[in-house]
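Worksheet: one structure, shown below.
There are 4 protein chains.
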Amino acid sequence: MASNFGTLFRISTWGESHGGGVGVVIDGCPPRLPLSEADLQPDLDRRRPGQSDIVTPRKEEDTCKILSGVFRGVTLGTPISVLVPNTDARPEAYSEMETHFRPSHADFTYQSKYGVRNWEGGGRSSARETIGRVAAGAVAKKLLAQLFPGIEILAWVSRVHDIHALVDPTSVRFSEIESNAVRCPHPQAAEAMITRIKAMRSEGNSVGGVIETVVRNMPVGLGEPVFDRLEADLAKAMLSLPATKGFEVGSGFAGTLLTGAEHNDPFEIRDGKVHTKTNHSGGVQGGISNGEPLVFRTAFKPTATIAKPQETVTSDGHESTLAARGRHDPCVLPRAVVMVEAMTALVLIDHALRQRAQDCLPR
Amino acid sequence: MASNFGTLFRISTWGESHGGGVGVVIDGCPPRLPLSEADLQPDLDRRRPGQSDIVTPRKEEDTCKILSGVFRGVTLGTPISVLVPNTDARPEAYSEMETHFRPSHADFTYQSKYGVRNWEGGGRSSARETIGRVAAGAVAKKLLAQLFPGIEILAWVSRVHDIHALVDPTSVRFSEIESNAVRCPHPQAAEAMITRIKAMRSEGNSVGGVIETVVRNMPVGLGEPVFDRLEADLAKAMLSLPATKGFEVGSGFAGTLLTGAEHNDPFEIRDGKVHTKTNHSGGVQGGISNGEPLVFRTAFKPTATIAKPQETVTSDGHESTLAARGRHDPCVLPRAVVMVEAMTALVLIDHALRQRAQDCLPR
Amino acid sequence: MASNFGTLFRISTWGESHGGGVGVVIDGCPPRLPLSEADLQPDLDRRRPGQSDIVTPRKEEDTCKILSGVFRGVTLGTPISVLVPNTDARPEAYSEMETHFRPSHADFTYQSKYGVRNWEGGGRSSARETIGRVAAGAVAKKLLAQLFPGIEILAWVSRVHDIHALVDPTSVRFSEIESNAVRCPHPQAAEAMITRIKAMRSEGNSVGGVIETVVRNMPVGLGEPVFDRLEADLAKAMLSLPATKGFEVGSGFAGTLLTGAEHNDPFEIRDGKVHTKTNHSGGVQGGISNGEPLVFRTAFKPTATIAKPQETVTSDGHESTLAARGRHDPCVLPRAVVMVEAMTALVLIDHALRQRAQDCLPR
Amino acid sequence: MASNFGTLFRISTWGESHGGGVGVVIDGCPPRLPLSEADLQPDLDRRRPGQSDIVTPRKEEDTCKILSGVFRGVTLGTPISVLVPNTDARPEAYSEMETHFRPSHADFTYQSKYGVRNWEGGGRSSARETIGRVAAGAVAKKLLAQLFPGIEILAWVSRVHDIHALVDPTSVRFSEIESNAVRCPHPQAAEAMITRIKAMRSEGNSVGGVIETVVRNMPVGLGEPVFDRLEADLAKAMLSLPATKGFEVGSGFAGTLLTGAEHNDPFEIRDGKVHTKTNHSGGVQGGISNGEPLVFRTAFKPTATIAKPQETVTSDGHESTLAARGRHDPCVLPRAVVMVEAMTALVLIDHALRQRAQDCLPR
């Protein structure tokens, strides 16, 4: 349903940006996984506002509390409930939202769909909703690491506006990504991106870009042949994140400029195992992982909330203008990196558990 | 699960390319919808091989039979089972597949995942699996037309290889799309595409491209705020189709080159209703349709099956070469148009029924 | 999954008896339903320990807090998160549980299934888990009342041990049920039941019994023909409650002693509408409600936790004895009445929303 | 949804009693299970009409065909589609059904719910729908036997009308059950049951009764703690079968007449393993199997279709009378035994696969 994700490792997120808090219930996490709040907090910190000078300066600590499902340091196999209270709500910053629909926001569509909306913030469309995903993603990552030692999920900002960073997905390292505020592992590009983001903020404008993701040391055989193809579930996962407009795996849209003879990935034997010489497929063939690095990219639009005055209409049907107040990200990508990682981990762990169930007869 | 799609209007497809047939069970179709095989066959004919000289010459009539769920010309509200027998199987064309993995096909991943595969054809990875989707999509289209008179779902080939057709999604017509074999509504571009496809076939090669889709006269309010965003479900639907590598909605990847001030869609009152002046959002904001045309694009890679010899490995672990025999599409896009329409219709009808259920209290 | 219930009105409960608290996330509740904690608390109070002198004397206030999904007194259509903190945990009362499996409890099966368990209480097998269900059930009841004015869900204790109360389900009133501590609307039987329960408690023993439920002014047409028959979903709902051992609808097990000619419910026209003269069917035919009172009964075993010493084994495989300490219900039925009502309401609202979605074409 | 059952081993049945046929799609069956029609036909034969002189004399061979999911004698891991064509439809036997609602049948509720119904037979309420379940159940049984060698699922008629057979569930054998037409392993009781059924048929009447089920050599740890308790899923499975009115596990309704001290099952060490001395629990504690024999009973009402004239109403609202023509079972229980087995196997295999997925970390 609307706020559920996953078949076996299943999460339910809840919470508005302004209200009692946000959280997630994780159902289907296997028992006996060592787990505590300390496993979740680092990713929550990478997601939270105020972590650098290019993100929104809101002061939210986003300290999580595990309310159930863990006993004496290990998971019980029962639902894990994670709560993060809201602390820095300033509803007064949103008073105009009661009557004005913010352009390219969810105000109008929520009002139309539900006939009511929480206008003291963005409600469920707020990036704050992703806290639950990031917390659940941290659990998924820890479990993946136990099941597939060596697996690495890495995401980074590969483009901001028109500034592109050439990064090799087969060798990029986490420390390189985390070495700067924009989470781009290419130092020069990162610097240019930061400069651009600050320039945009100073003029009350915003920018978008692209996040690239790689999963290395992927197990072979994850994904299903038809509707639940690995790339289909990843596409859904990415497009479910706020502000996303596109997804591509492997060669993606550019791959359509190649012929079949150029695009096909020839097989070879390497180190005694079947590999492909190229990886236009992006690690997935027929919906199922082939063991090569899983590579995909996600497009994020420029932040809709900008300080420049914009044309809009009011809830009672008059044309008007609106200039955002409040504190907003001029570019969502640096904080979105960890959301992308989380959704990736959630898709992979779910397919891993499904494959484990299905692959039960002797080979 | 793997072969199910949808929450309320739910389909289960089954069948391999070589075997007793393919089909679909549609569960959750409302009762009292007038329906017969004549409603399904036109779309199946638009999907089938041999329909023109730029697609595979296989001779499959793909004649469908409704086995249940319809009584005296109307749906019963019970599962609709649709069967299309297989007729033109030539397993001898596939004998090498028993031992050789076709590059960029699902042979290796199926063998790895399942430890067994139907090598007399592509099994579930065959485009033949989409027959069930197209049949179900035809039912979904008919139901959508009853619930939302005037709704139009149109898909067309907007690019083949590097040949791009500039088409206005707000005015393109079905007759224009169907006026040529490649299903591109731009006559000059269509001609060039056909020439390119034939050239590729004659050299044993293949090409891919992009299909664009528009839904006009969209109802407002379809889609859910978080995981089941309309664009997320569409992305999953598209990436679940064979040979797809990317999806973008509205401005998509190109939109990341705009600033927020350029990208935001200002609201205005037009004809007494709230509209946006531009449509970078592609008809969806915060995961929910806003009534503007729903616009998205899907990337299809060049057909993996080509006549040129390719490097590969055998199932017993030796390097070898392989040249496809059999009869294949040099470009899947002309036949994929109707698959894209079908998946779009399935996503929309499911969200329409969900919204109908949820919107049950007086406004 | 394990801790989810419902298709459209979907709940996820979480929480152990000892830990941070218990709660529920309700996903799919329609927007614009007036709702506050005051709607939930009365049923939580009817469920809580310490409410009378025949239930466990534990002092838990079970005060609920709605953390999301409600704004200015109405539902938003987004997930409703309800939290009830744990307050009266006395883990020392459970110290023996670390090593001893309580007979007819879940200790052994949890330990076997998960390889770990929260032995500071019953974990998820505790009746405390039902707090989330009761809270969600209160929301479901309120929504049902809006959709079907006049609908009444009544449950009562119809038998304790061998003391049976003859109650007419077509006329029993809520005030009669609530007029005594055992929730039996037959005053003399109620008195005898209370006496029996107290006698059992004083000897460190326990009793079970039967709860009967009626839903009056039922809408026609709820339920699905095959797997999701209304009685099938009710059976699952009831058997999912702790301590239940049986379910029967309408004539139930006793109905098998009648012949078809005796058992069939003849149709007649009454007040201009189709009715049955008898109601052996219990309000459901072919899995679908027929508008007659929905009548079913649920068997609850005697409480497993008793003060008498019992034979058991330890987690390291030795035979031993165990006598429960702690504070327990000598009979779960008085508190289970509201759990039964809640599960009934959850089943009905889910089917009501499903039917609303499906019945979308003009008749 | 309505016609789906199971989470990982998931079936979708389809088909009306009169139409193109009936069938099932099994999604999630593991690959590499040896399977052919010969594995399904024996159970279909035990279910089919005309198998003895106490069931309906309709002549339906119910010959099944596997259309997909099996290749060279083993499952592929992809959906298994099973088709059984309808052969002996005699719609003329049902002509009165167009206008008359059969008492205690689904005619009135289907007409009310859907506004349309297939009156040439019982539509989805026909026992013919269970063909798909029995076919899927046969697959589930075969898979269970591979995963848990020695597991035995046995069901038998333990009561017809007031004739009760005392049978020991720990020792009853399949050959005893199958030794007579009524499928009661107690020879004298069986003879009395057969006599009673024939007497009922000769007077145009019908009888019901109780089917008891045991699963021996049960694995420990199947079932989930809350909503998907093993007994809850079994209750749903049984109540989803046509003509069922009740379900009880272990001590069931009678167990409520015991005190806790009498009812609790003391643990002991036997053959080096934890066992219970008694089995009032019926093999399940806290929703999870404990390794003792799983024992439950299902109540079936007397067949609703009887030859005696009955009072009813017509679809246009007039009172009338109706006497069934056509060929019907005077007692459904002998044929229902295999349906009960099938649903039991479907519940167990689904929970077995779920447990396999969840129990993935080292103990």
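Protein chains in written order, with this note's numbering: chain G, 1494 to 1856; chain D, 1494 to 1856; chain F, 1494 to 1856; chain R, 1494 to 1856. The beta-carbon is built from N, C-alpha and C at its ideal position, and this holds for glycine as well.
Pairing Lys1552 (chain D) with Arg1621 (chain D), the inter-Cα distance amounts to about 13 Å.
In the same chain as Arg1525 (chain R), and ignoring 5 residues on each side of it, the C-beta atoms closer than 6 Å to its own belong to Val1567, in chain order. Gly1748 (chain D) is positioned such that its CB atom lies closer than 8 Å to that of Gly1701 (chain G).
In chain order, Leu1501 and Phe1502 place their CB closer than 7 Å to the CB of Leu1846 (chain D), counting only its own chain and leaving out the 5 sequence neighbours on each side. The Cβ-Cβ distance between Leu1569 (chain D) and Asn1611 (chain R) falls below 8 Å.
Lys1766 (chain R) sits in a strand when the DSSP states are folded into three classes. For Phe1594 (chain F), the closest alpha carbon among the candidates R:Val1831, R:Pro1759, R:Ile1842 and R:Arg1763 is that of R:Pro1759. Between Ala1631 (chain G) and Asp1536 (chain G) the beta-carbon gap is near 5 Å, inside 8 Å, which marks them as a contact.
Boundaries of the beta strand (DSSP E) harbouring Thr1805 (chain D): Gln1803 to Val1806, taken from the DSSP string.
The secondary-structure analysis by DSSP pairs Ser1574 (chain G) across a beta bridge with G:Val1518. Around the beta carbon of Lys1729 (chain D), 16 or more other beta carbons lie within 10 angstroms, which makes this residue buried.
Spatial neighbours of Glu1812 (chain R) in its own chain (CB-CB distance under 8 Å, excluding positions within 5 residues in sequence) are listed in chain order as Glu1804, Thr1805 and Val1806. Just so you know, the alpha carbons of Ser1774 (chain D) and Arg1709 (chain F) end up roughly 49 Å apart. The residues Phe1793, Lys1794 and Val1825, in chain order, have a CB closer than 6 Å to that of Ala1736 (chain F) in the same chain once the five nearest residues on each side in sequence are set aside. For Leu1750 (chain G), the secondary structure class from DSSP, reduced to helix, strand or coil, is helix. Counting only residues of its own chain and dropping the five nearest sequence neighbours on each side, Val1517 (chain G) has a CB closer than 6 Å to the CB of Ile1504, Thr1506, Val1575, Gly1625, Ala1628 and Ala1629. Closest in alpha carbon position to Leu1750 (chain D), among G:Val1703, G:Val1577 and G:Met1590, is G:Val1703. Among the residues facing chain D, Lys1738 (chain G) is included, as its CB has a counterpart in that chain under 8 Å away. Not one beta carbon of chain G lies nearer than 8 Å to the beta carbon of Phe1667 (chain D). By the Cβ neighbour-count rule, Thr1580 (chain F) is exposed, with fewer than 16 other Cβ atoms within 10 Å of its own. Think of a sphere of 8 Å around the beta carbon of Leu1528 (chain R): no beta carbon from chain G falls inside it, the nearest being about 11 Å out. A residue is called buried when at least 16 other Cβ atoms come within 10 angstroms of its Cβ; Pro1827 (chain R) meets this threshold and is buried. Taking a contact as a CB-CB distance under 8 Å, the pair Ile1656 (chain F) and Ala1692 (chain F) does not count as one, their CB atoms being some 11 Å apart. For Ala1736 (chain D), there is no enclosing alpha helix (DSSP H), as DSSP gives it neither H nor E.
Annotated three-state conformation of Lys1606 (chain G) is helix, per DSSP.
Using a Cβ-Cβ cut-off of 8 Å, Val1515 (chain F) does not count as an interface residue toward chain R, since no Cβ of chain R sits closer than that to its own. Relative to the Cα of Lys1738 (chain R), the nearest Cα in the group F:Leu1734, F:Gly1743 and F:Lys1738 belongs to F:Gly1743. DSSP places Phe1667 (chain D) inside the alpha helix (DSSP H), whose first and last residues are Phe1667 to Ile1670. Against Arg1849 (chain R), the close residues of chain G are Arg1849, Ala1850 and Cys1853, in the order they occur along the chain (beta-carbon pairs closer than 7 Å). By the rule that beta-carbons nearer than 8 Å mark a contact, Glu1622 (chain G) touches chain D. At a cut-off of 8 Å between beta carbons, Ala1845 (chain F) makes no contact with chain G.
Pro1680 (chain R) has a beta carbon lying at 8 Å or more from every beta carbon in chain G. Taking a beta-carbon distance threshold of 8 Å, Gly1716 (chain F) does not count as an interface residue toward chain D.
The C-alpha of Glu1724 (chain R) is placed about 10 Å away from the C-alpha of Leu1734 (chain F). Distance between Gln1778 (chain F) and Pro1786 (chain G), taken at the CA atoms: about 55 Å.
Considering only beta carbons, the part of the stretch 1626-1640 of chain G lying closer than 9 Å to chain R consists of Leu1636, Gln1639 and Leu1640, in chain order.
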